[in-house]
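Residue numbers (the numbering used here): 522 to 903. Have a look at the structure below, then the notes.
This is the structure we're talking about:
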């Protein structure tokens, strides 16, 4: 009997041997916090928590499968996945489904959003490219990488889907930076960005007039930026989201109003409270202390991911793990920023907390990639 028990324990241990324990624990805690908050945000919508649990189970399975794969196998998927993703984006542009003025979906027997594929395919492709050029990376390789990045980002921005486009662009740029792009090239871009933001702030009253056209952005994107600068300019429209979420965060105070006691959420003042604005629900009910704990969890997630990236056995593994980790950071930063009113509302979910299967699966695949890189290093040391 003792032998059977010992054998059973060994089988379970082997089954989860691919999991990086610290990373798995952090993700588990975030998922638990997410389910608790989602229950409060969706208390008037039966079945939503159960749906999210099913999404978590599916994500866990995919995460486990990816964690078991060697990074060499992941490399083999890079070019086919990137090619398929770009082909699907072209198909969306040609005969995609249009909803709410945006053409982002494709019916292939079931409705899919191909832009989500690029969140994983893009860093995979660029990490593969630089792995192939290892030891012989020249300046034109960075131009080639930017071209590979520009094609899907341009197609996604044309849908239009600025939020997803920025996330895919960030995923690719992280790989390019980690591959050794010189600060001499990065610094001018940063300076230009600071000058551009400063100009918008200084000229807000003039450029946000209804008769002024922004030729680079769509009208709704201009409206988002201008509403960010002054939410009260459209308090019952685009500004409503920002105003109500900021009120919720502020009303939570230091300790919060308590679980299930958030008035902004339960009186339906917070829009999209179970998805993009779930952080506002959490902040109202758990206050500044809860926000601090949540931010610490995300910082631990990023720190663990960067540790895995730094110890990667190959350039491909290091670049891919580093980019995936920074994607987690970007998701969390952009979501908290837009809910807090310091960034435009671009529809970015809060990692492992927002309701929804697509984003959760994408993030779970990212965790699986990190575990694959960590597992490869452990195997080399054993």
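Cβ atoms here follow ideal geometry from the backbone N, Cα and C, with glycine treated the same way.
Query, Result
"Whole angstroms are fine: how far does the CA of residue 860 sit from the CA of residue 767?", "7 Å"
"Terminal residues of the continuous alpha helix (DSSP H) containing residue 614?", "592-616"
"Rounded to a whole number of angstroms, what is the C-alpha to C-alpha distance between residue 855 and residue 884?", "15 Å"
"Could you check which residue in 802, 756 and 797 has the C-alpha nearest to that of residue 778?", "802"
"Where does residue 834 sit, in a helix, a strand or coil, going by DSSP?", "coil"
"Please return the same chain residues whose Cβ sits closer than 8 Å to the Cβ of residue 780, not counting the five positions on each side in sequence.", "557, 561, 806 and 807"
"Determine the extent of the beta strand (DSSP E) in which residue 494 is found, giving its start and end residues.", "Because the chain spans 522 through 903 in this model, residue 494 falls outside it and cannot be assessed."
"With residue 794 as the anchor, note down where its beta strand (DSSP E) starts and where it stops.", "Counting along the chain, residue 794 falls outside any beta strand (DSSP E), and DSSP gives it neither H nor E."
"On a CA-only basis, which of 695, 784 and 874 is nearest residue 554? Give me that one, please.", "874"
"Below 8 Å, how does it come out for the region 610-620 and the region 650-670: are there three or more Cβ pairs, yes or no?", "no"
"What is the DSSP secondary structure of residue 523, reduced to helix, strand or coil?", "Residue placement at residue 523 is poorly supported in this model, since its pLDDT is 48, which falls under 50; the coordinates still yield a value, given next. Looking at residue 523 - three-state DSSP - the assignment turns out to be helix."
"From which residue to which residue does the beta strand (DSSP E) around residue 627 run?", "623-628"
"Can you list, in chain order, the residues of its chain whose CB lies under 7 Å from that of residue 702, leaving out five sequence neighbours each side?", "663"
"Starting from the C-beta of residue 700, find all residues in its chain whose C-beta is less than 7 Å away, skip the five residues before and the five after it, and write them out in chain order.", "651, 658 and 840"
"Between residue 564 and the rest of its own chain, which residues show a CB-CB distance below 8 Å, the 5 nearest in sequence each way excluded?", "781 and 787"
"For residue 679, does the three-state DSSP call read helix, strand or coil?", "coil"
"Curious, which full-length alpha helix (DSSP H) runs of at least 4 residues does the region 851-903 contain?", "878-902"
"Would residue 643 and residue 689 be called neighbours here (beta carbons separated by less than 8 Å)?", "yes"
"Rounded to whole angstroms, what's the CA-CA distance from residue 697 to residue 746? Just pull it up for me.", "28 Å"
"Which residues mark the beginning and the end of the alpha helix (DSSP H) in which residue 553 is found?", "542-562"
"If you drop the 5 nearest sequence neighbours on each side, which residues of the same chain put their C-beta closer than 6 Å to that of residue 648?", "696, 837, 840 and 841"
"What does the alpha-carbon distance come out to for the pair residue 630 and residue 609?", "14 Å"
"When you compare the CB positions of residue 820 and residue 544, do they come within less than 8 Å of one another, or not?", "no"
"Work out the CA separation of residue 626 and residue 634 for me, nearest whole Å.", "5 Å"
"From residue 523 to residue 776, what distance separates their C-alpha atoms?", "Because the pLDDT of residue 523 is 48, which lies under 50, any placement of that residue in the model is unreliable, and the question is left without a value."
"Using 8 Å as the threshold, is the C-beta distance between residue 888 and residue 578 below it?", "no"
"According to the Cβ coordinates, are residue 849 and residue 823 closer than 8 Å?", "yes"
"With a floor of 4 residues, list each alpha helix (DSSP H) that falls wholly inside the region 689-761, ordered by position along the chain.", "704-723, 725-728 and 740-750"
"Considering Cα atoms alone, identify which of 851, 830, 866 and 876 is closest to residue 893.", "830"
"Please state the DSSP three-state secondary structure of residue 776.", "coil"
"Consult DSSP for residue 782 and reduce its assignment to one of helix, strand or coil.", "coil"
"Nearest to residue 595 by alpha carbon, out of 641, 623 and 580?", "641"
"Which residues mark the beginning and the end of the alpha helix (DSSP H) in which residue 904 is found?", "The structure shown does not extend to residue 904, since the chain spans only 522 to 903, so no value can be given for it."
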